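Some notes on the structure that comes next.
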Amino acid sequence: MNESICVEHLNYAYPGVEDTPGVAVFTDLSLSIEAGSFVAILGSNGCGKSTLAKHFNSILLPCGGKVYVCGMDTSDDDLLIKIRRSVGMVFQNPDNQIVANVVEEDVAFGPENLGVASPEIRRRVDQALKQVGMYEFRKHAPHLLSGGQKQRIAIAGIIAMEPKCIVLDEPTAMLDPRGRREVMETVMELNRNKDITVVLITHHMDEAAMAQRVVVLHKGSVAADGTPEQVFSQVELLHRIGLAAPETVELCYELGQQGIPVPLDCLDIERCAQAIYDRMT
Ligand SMILES: Nc1ncnc2c1ncn2[C@@H]1O[C@H](COP(=O)(O)OP(=O)(O)OP(=O)(O)O)[C@@H](O)[C@H]1O
Ligand SMILES: [Mg+2]
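The numbering of the sequence shown is this note's numbering, which starts it at 18 and goes up by one.
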């Protein structure tokens with residue numbers, strides 16, 4: 018497998034401050050993410066998703082074990098700039114990620130910091146804004162845009178750095194359904210058409226169901242890993258660790274509990290309705 022991210026026996030604990038003890042998050046986590054794939058990471062609050070994501074572009078460094086990004090060891094200081102170029106991060110709150118007063122200046126900020134030449138920056142900014150469907154807003158003030166639009170500007174700023182991989186940590190958590198849809202469509206298109214590896218951390222099961230692979234973290238370990246159908250049909254495991262399956266699967270599971278077995282791998286509404294209809298007729 019051509020790996021984009023490879024985590025080998027990761028051990029990480031946040032250091033304690035003064036009298037407070039440190040917080041052990043991972044003791045021995047291994048995981049690899051294939052280049053060009055779209056992987057969703059799920060897990061209950063505090064299980065270590067954001068801590069893991071921060072290892073993907075050297076914001077945090079392993080206490081033990083290794084993290085490789087496009088074959089580069091994230092602990093190697095000399096590779097820091099190359100690593101940050103390869104993996105772009107998008108966080109939950111778009112307001113914290115926007116730095117300029119004009120949309121196109123904001124998108125240019127990343128490539129400027131990487132020392133990209135001006136004409137090339139112009140080309141990248143225009144292209145990135147077109148890719149996220151925000152080109153017509155290029156002269157606007159970001160703070161006047163909607164949450165979904167701001168998040169797409171933040172994504173454009175990342176794309177303009179031409180990363181091989183984008184890691185999004187709950188990018189839709191603060192958005193309404195329309196904003197969520199806009200961001201998800203943008204992300205899926207980047208994966209499909211630009212071959213960018215996407216790692217999406219989310220609490221929304223319907224978003225995770227759009228990925229090719231779902232990884233469930235629990236207490237610093239991988240509790241489930243597979244296609245959305247494989248992972249979400251393990252309803253009882255998900256319940257045990259405080260998660261729910263997508264609503265369609267929960268419905269089929271509940272029917273099964275009531276003595277009406279329906280397959281648990283129907284993630285979209287049409288397929289779910291058909292499976293229930295088939296069972297009833
Ligand atoms: N800066 C920090 N210092 C000390 N402990 C921290 C720090 N950041 C996170 N932690 C602890 O590390 C553990 C993992 O936190 P993390 O933020 O990675 O979880 P998460 O899975 O992203 O949770 P959520 O779903 O709420 O975003 C938690 O126990 C948390 O309290
Ligand atoms: Mg988090």
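Every residue gets a Cβ at the ideal spot worked out from N, C-alpha and C, and that includes glycine. Remember, predicted model here, so these are calculated numbers, not experimental data.
Taking the continuous alpha helix (DSSP H) assigned at residue i, which residues delimit it?
i, result
"S67", "66-72"
"D143", "135-148"
Note down the Cα distance separating residue i from residue j, rounded to an integer number of angstroms.
i, j, result
"L96", "L27", "19 Å"
"V124", "A290", "43 Å"
"E51", "E287", "30 Å"
"E264", "I58", "18 Å"
"K66", "H72", "10 Å"
"E246", "D45", "27 Å"
"Q275", "F43", "39 Å"
"V248", "M222", "11 Å"
"K156", "A240", "46 Å"
"V200", "Q168", "7 Å"
Can you list, in chain order, the residues of its chain whose CB lies under 8 Å from that of residue i, leaving out five sequence neighbours each side?
i, result
"Y270", "V252, A262, L281"
"H6", "The chain is shown only over 18 to 298; residue 6 falls outside these bounds and no answer can be derived."
Report yes if the CB atom of residue i is closer than 8 Å to the CB atom of residue j, and no otherwise.
i, j, result
"V116", "I22", "no"
"V216", "L207", "no"
"H220", "E187", "yes"
"G127", "G164", "no"
"V279", "G273", "yes"
"A171", "Q148", "no"
"D90", "K83", "yes"
"I175", "G105", "yes"
"A158", "N110", "no"
What are the start and end residues of the beta strand (DSSP E) that includes residue i?
i, result
"C289", "Per DSSP, C289 belongs to no beta strand (DSSP E); it is in the alpha helix (DSSP H), 286-297."
"I218", "214-218"
"G243", "238-243"
"T44", "40-51"
"L234", "230-235"
What do you reckon, is the C-beta of residue i under 7 Å from a heavy atom of ligand 1?
i, result
"T68", "yes"
"G65", "yes"
"V133", "no"
Is residue i near ligand 2, judged by its Cβ being under 7 Å from some heavy atom?
i, result
"D186", "yes"
Excluding five sequence neighbours on each side, which residues of the same chain lie with their C-beta closer than 6 Å to the C-beta of residue i?
i, result
"S92", "L78"
Within its chain, find whatever has a CB closer than 7 Å to the CB of residue i; leave out the 5 residues flanking it on each side and keep chain order.
i, result
"L131", "R102, M178"
"F108", "Q114, D186"
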